[in-house]
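With the working numbering as the guide, the letters of the sequence shown map in order to residues 3 to 355.
Taking it in order: structure first as structure tokens, then the write-up.
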Amino acid sequence: MSQMKVGLIFGGKSGEHDVSILSASSVLRAIDKSRYLPVPIGIKKDGSLASFSDNQSMLAKDLSHLVDKDFPYNDFSLGLSNNTKLLDVIFPVLHGPNGEDGTIQGCLELMDIPFVGSGVLGSSTGMDKDIMKRVFESHGLPQLPFYSFKSLLWEQDSSKVMDAIESLIPYPHFIKPANMGSSVGVHKAHNRKDLAEGIRDALKYDHKIVVEKGIDVREIEVAILGNEEPKVSVPGEILPSKEFYDYEAKYLSNDSELIIPARLSSSEEDTIRSYGVQAFLALDCAGLARVDFFIDKADNAIYINEVNTIPGFTQISMYPKLWEASGLPYTELIDQLITLAIDRHKRKVQTIV
Numbered sequence: 003m004s005q006m007k008v009g010l011i012f013g014g015k016s017g018e019h020d021v022s023i024l025s026a027s028s029v030l031r032a033i034d035k036s037r038y039l040p041v042p043i044g045i046k047k048d049g050s051l052a053s054f055s056d057n058q059s060m061l062a063k064d065l066s067h068l069v070d071k072d073f074p075y076n077d078f079s080l081g082l083s084n085n086t087k088l089l090d091v092i093f094p095v096l097h098g099p100n101g102e103d104g105t106i107q108g109c110l111e112l113m114d115i116p117f118v119g120s121g122v123l124g125s126s127t128g129m130d131k132d133i134m135k136r137v138f139e140s141h142g143l144p145q146l147p148f149y150s151f152k153s154l155l156w157e158q159d160s161s162k163v164m165d166a167i168e169s170l171i172p173y174p175h176f177i178k179p180a181n182m183g184s185s186v187g188v189h190k191a192h193n194r195k196d197l198a199e200g201i202r203d204a205l206k207y208d209h210k211i212v213v214e215k216g217i218d219v220r221e222i223e224v225a226i227l228g229n230e231e232p233k234v235s236v237p238g239e240i241l242p243s244k245e246f247y248d249y250e251a252k253y254l255s256n257d258s259e260l261i262i263p264a265r266l267s268s269s270e271e272d273t274i275r276s277y278g279v280q281a282f283l284a285l286d287c288a289g290l291a292r293v294d295f296f297i298d299k300a301d302n303a304i305y306i307n308e309v310n311t312i313p314g315f316t317q318i319s320m321y322p323k324l325w326e327a328s329g330l331p332y333t334e335l336i337d338q339l340i341t342l343a344i345d346r347h348k349r350k351v352q353t354i355v
């Protein structure tokens, strides 16, 4: 059986560029090379396509020999527009804007090539925390109070914005760029000064901001795998090494503790797993997603936080760890994701355009 050629798109023009490289390196190490021929397609921080030598320097050094020996490039100045026809499927591990928000998915849809993960709608709604929360609200999924606004409103009258937030949401607040992931630009505010500083920094990453009520919580996550009939992993719990599970704790430090499976009652586990599937289907996700929850330590109330449609694939990432604990090893997980991508594409091409 000939190897299936898998284009692995990574890097990207976003604040999560470095995280994406870590994820791509992990996938390259783990993918079954007896079945698949991975073709790394790096995108540099300026948005341009990486050359052969760029890809080698972007990826982990211990993967350079693998690229040299096995990957079919010429000079690797190959562009997506005329070379992906040589690929059987695309595996995007582009986190954040221009990768997780539906933009690259729209490009791949136009090119009529199978790709891992959600399509344009699922990706865009999953990326925009404001729109995501409004969809959750319409489906009756419980969530903490939030307030969203755009940069123009802040520029016109920042005091009015903070007054509105303080009137609706008691401190502490969590401030988040609406269209970023991996906790980039996220801040916790205990007072008005913190709120102003956090908003100013968050606006560096997006023109729309979401402010949420902060409570003392347990952080629970589940991994979703599938298309129309998704499966749910065992839940896991994060014990952050810092005040909250920020970028450093997720990707750069091993100090945070991951408890898998999470210590939950059967009722709590059933509720979280059910909400996870509901959220996945409500946003029109496909392939994979990680769904994050809060459990209020005061009264054990369960709240959905967000859905991540391209969760991290690094060695310390929760998504693959949850599936491993559920009986699905990393290499087999990659295989199932590729199969789901091809199945979804086959169903789509059967429809009348």
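For each residue, glycine too, the CB sits at the ideal point set by N, CA and C.
In whole angstroms, what is the alpha-carbon distance linking residue i and residue j?
| i | j | result |
| --- | --- | --- |
| PHE296 | TRP325 | 20 Å |
| GLU221 | ARG265 | 11 Å |
| VAL236 | PHE117 | 26 Å |
| LEU335 | ALA32 | 10 Å |
| LEU290 | GLU259 | 23 Å |
| SER59 | ASN181 | 28 Å |
| TYR173 | LEU30 | 44 Å |
| GLN338 | TRP156 | 45 Å |
| GLU202 | GLU139 | The sequence given here has Arg at residue 202, not Glu. Those two C-alpha atoms are separated by around 27 Å. |
| ILE304 | GLY329 | 26 Å |
| SER79 | SER120 | Note that SER79 scores 39 on pLDDT, short of 50, meaning its location in the model is unreliable; the coordinates nonetheless yield the value given after this. Taking the straight line from one Cα to the other gives about 27 Å. |
| ASP72 | ILE306 | The predicted position of ASP72 is uncertain, since its pLDDT is 49 and thus under 50; no value can be drawn from it. |
| VAL224 | LEU89 | 31 Å |
| ASN57 | SER22 | 13 Å |
| ALA327 | SER50 | 38 Å |
| LEU283 | GLY108 | 19 Å |
| THR273 | ALA52 | 44 Å |
| GLU230 | ALA288 | 7 Å |
| PHE12 | SER55 | 15 Å |
| VAL234 | SER276 | 9 Å |
| GLU271 | GLY278 | 10 Å |
| LEU285 | PRO144 | 15 Å |
| VAL95 | ALA26 | 6 Å |
| ASP70 | PRO42 | Unreliable placement is indicated for ASP70, whose pLDDT of 42 sits below 50; no coordinate value is reported for it. |
| HIS175 | PHE315 | 29 Å |
| ILE177 | TYR207 | 12 Å |
| ASP356 | ARG136 | Residue 356 cannot be examined here, being either before or after the span of the chain that is shown, 3 to 355. |
| GLY216 | ILE340 | 38 Å |
| ILE356 | LYS162 | Because the chain in this structure spans residues 3 to 355, residue 356 falls outside the shown range and cannot be described. |
| LEU154 | ILE312 | 29 Å |
| ILE92 | GLY9 | 5 Å |
By DSSP, does residue i sit in helix, in strand, or in coil?
| i | result |
| --- | --- |
| ASP272 | helix |
| PHE358 | Nothing can be reported for residue 358: it is not among the residues displayed for the chain, which extend from 3 to 355. |
| VAL95 | coil |
| ILE39 | The sequence given here places Leu at residue 39; Ile does not occur at that position. Residue state, collapsed to three classes: strand. |
| LEU30 | helix |
| LYS348 | helix |
| GLY142 | coil |
| ILE23 | helix |
| ILE115 | coil |
| GLU334 | helix |
| LEU241 | strand |
| VAL122 | helix |
| GLU18 | coil |
| GLU326 | helix |
| LEU110 | helix |
| ILE262 | coil |
| LYS135 | helix |
| GLN88 | The amino acid occupying residue 88 in the given sequence is Leu; Gln does not appear at that position. LEU88 falls in the helix class under three-state DSSP. |
| LEU61 | coil |
| GLY81 | Low per-residue confidence applies at GLY81: pLDDT is 43, beneath 50, and the placement is therefore not dependable, though the value from the model is reported in the following sentence. Residue state, collapsed to three classes: coil. |
| GLY128 | helix |
| GLY49 | coil |
| VAL234 | strand |
Mark residue i as exposed unless 16 or more other C-beta atoms lie within 10 angstroms of its C-beta, in which case mark it buried.
| i | result |
| --- | --- |
| PRO232 | buried |
| GLY101 | buried |
| PRO331 | exposed |
| THR353 | exposed |
| ASN310 | buried |
| SER16 | buried |
| SER269 | exposed |
| ALA300 | exposed |
| PRO40 | buried |
| GLU214 | buried |
| SER125 | buried |
| LYS131 | buried |
| GLU18 | buried |
| SER319 | buried |
Opposite residue i in the DSSP bridges: which residues?
| i | result |
| --- | --- |
| GLY101 | The partner list for GLY101 (beta bridge, DSSP) is empty, contrary to what the question assumes. |
| ASP294 | GLU223 and GLU308 |
| ILE340 | Partner(s): none; ILE340 has no beta bridge. |
| MET6 | TYR38 |
| PHE12 | GLY44 |
| GLY289 | GLY228 |
| task | Quick one: which unbroken beta strand (DSSP E) runs of 3-plus residues sit fully inside the stretch 150 to 217? Chain order, please. | result | Annotation note: the stretch 150 to 217 contains the following uninterrupted beta strand (DSSP E) runs of length 3 or greater, listed N- to C-terminal: 175 to 179, 189 to 191 and 210 to 215.
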